[in-house]
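In this note's numbering, the protein residues as written are 371 to 693.
Glycine residues also receive a C-beta, built at the ideal position from the N, C-alpha and C atoms.
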């Protein structure tokens, strides 16, 4: 769909300008702006602003929304996402993100936390001219959900008895909620019909779940060069994700203690052997594909056009990716 690609490319270029504008301030802010720009410009795929733009374009003439407002919404979503990444890197003691050193690695934890906080403030600056006050409680709820996801993850750190339901709740909070906000923000701001908002909400939620499951699989199958961050971080940090949950579930009983010992002692090679033995990645892929199908099903409530078709294609691309 070359025409869709051209339009979205042009839209994203306007979003990049919005991002730069938000991180250009007074002399006193110069240092922290430069820190934030390093993260923002580090090669992110801009998935969330892309979703925001595509979701609005899919609605076509059903809604009226100024393009400048759309670009501000898209930039705000990317800034919010980047802020959470900066804080995540501090919590996880990560040294590499998107193939470059993290702020906590180059500037220290204190400066990195402040940079993340600053990015949150710039998020709200992007949203200050919105006409629909209904969006602000949703922004607050999204933030609260993101924090709840981190709390859930921390609470379950090292817990090999975590259930699939617990895991799904955590990944919705950590990833699905922000995807959901990205896909509904423009529709809410434009006061679209509730049926379209519900459809985009379900699409974003399910897409986020599919994306995160695929991400958790890549932590055991990809490489540091491809992924842009160290592989095996989930295991090192005690995050029991779906590949481990299913490996533990399908592991032969006479070898279960061996797998548990490898998990507790961060023996990545041994854990990967068990993941292959139990074929847990096949089940993970089926789980992610099921979420992708639900995302596509939700889109049937939207007009059938090239933008909606692109959103549908993205659902399967989220599952079948290498980085």
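* To do: Please state whether DSSP places residue 698 in a helix, a strand or coil.
  => Nothing can be reported for residue 698, as the shown portion of the chain is limited to 371 through 693.
* Asked: Is the segment 665-672 in contact with the segment 553-570, if contact means three or more CB pairs nearer than 8 angstroms?
  -> Contact between the segment 665-672 and the segment 553-570 is present, with at least three C-beta pairs closer than 8 angstroms.
* Would residue 425 be called buried (16 or more neighbouring beta carbons within 10 Å of its own) or exposed? -> Along the chain shown, read from residue 1 onward, the residue named residue 425 stands at position 55. Label assigned to residue 425: buried.
* Option in 677, 687 and 649 with minimal Cα separation from residue 661 -> In the chain shown, residue 661 corresponds to position 291, counting from 1. Taking the Cα of residue 661 as reference, the smallest distance to any Cα among 677, 687 and 649 is reached at 687.
* To do: Taking residue 589 as the reference, give the member of 604, 577, 580 and 579 with the closest Cα.
  => Stepping through the chain shown from its first residue, residue 589 is reached at position 219. Closest by alpha carbon: 604.
* Is residue 435 closer than 7 angstroms to residue 560 when the C-beta atoms are compared? -> Counting from one through the chain shown, the residue named residue 560 turns up at place 190. Counting from one through the chain shown, the residue named residue 435 turns up at place 65. With contacts defined as CB atoms closer than 7 angstroms, residue 560 and residue 435 qualify as a contacting pair.
* Coil, strand or helix - residue 610 by DSSP -> Residue mapping note: residue 610 aligns to position 240 of the chain shown, counting from 1. Judged by DSSP in its simplified three-state form, residue 610 adopts coil rather than helix or strand.
* **residue 694 in three-state terms, based on DSSP** => The structure shown does not extend to residue 694, since the chain spans only 371 to 693, so no value can be given for it.
* Asked: At a cut of 8 angstroms, does the segment 445-453 reach the segment 486-496 through at least three beta carbon pairs?
  -> Yes: at least three Cβ pairs fall under 8 angstroms.
* Asked: Measuring CA to CA, which of 611, 620, 601 and 659 is closest to residue 638?
  -> As a first step, residue 638 is located in the chain shown; it is residue number 268 there, counting from the start. Checking every option, the nearest Cα to that of residue 638 belongs to 601.
* To do: Go ahead and label residue 690 buried or exposed: buried means 16 or more other beta carbons lie within 10 angstroms of its beta carbon, across all protein chains shown.
  => Residue mapping note: residue 690 aligns to position 320 of the chain shown, counting from 1. So residue 690 counts as exposed.
* Asked: Which residues in the same chain as residue 571 place their Cβ atom closer than 6 angstroms to its Cβ, once the five residues preceding and following it in sequence are excluded?
  -> Residue numbering aside, residue 571 sits at position 201 when the chain shown is read from its first letter. The beta carbon of residue 571 lies closer than 6 angstroms to those of 550 and 554 in the same chain, with the five residues before and after it left out.
* Excluding sequence positions up to five away, which residues of its chain have a Cβ less than 8 angstroms from the Cβ of residue 392? -> For this step, residue 392 is matched to residue 22 along the chain shown. Taking C-beta separations shorter than 8 angstroms and ignoring five residues to either side along the sequence, the partners of residue 392 in its chain run 445, 449, 492, 495 and 496, following chain order.
* If you draw a straight line from the alpha carbon of residue 539 to that of residue 608, how long is it in whole angstroms? -> The residue you call residue 539 lines up with position 169 of the chain shown. The residue you call residue 608 lines up with position 238 of the chain shown. Using only the alpha carbons, I get a separation of about 17 angstroms.
* Express the C-alpha separation of residue 429 and residue 544 in angstroms, rounding to a whole number. => Position 174 of the chain shown, counted from the start, is the residue given in the question as residue 544. Position 59 of the chain shown, counted from the start, is the residue given in the question as residue 429. Across the structure, residue 544 and residue 429 are spaced so that their CA atoms are roughly 27 angstroms apart.
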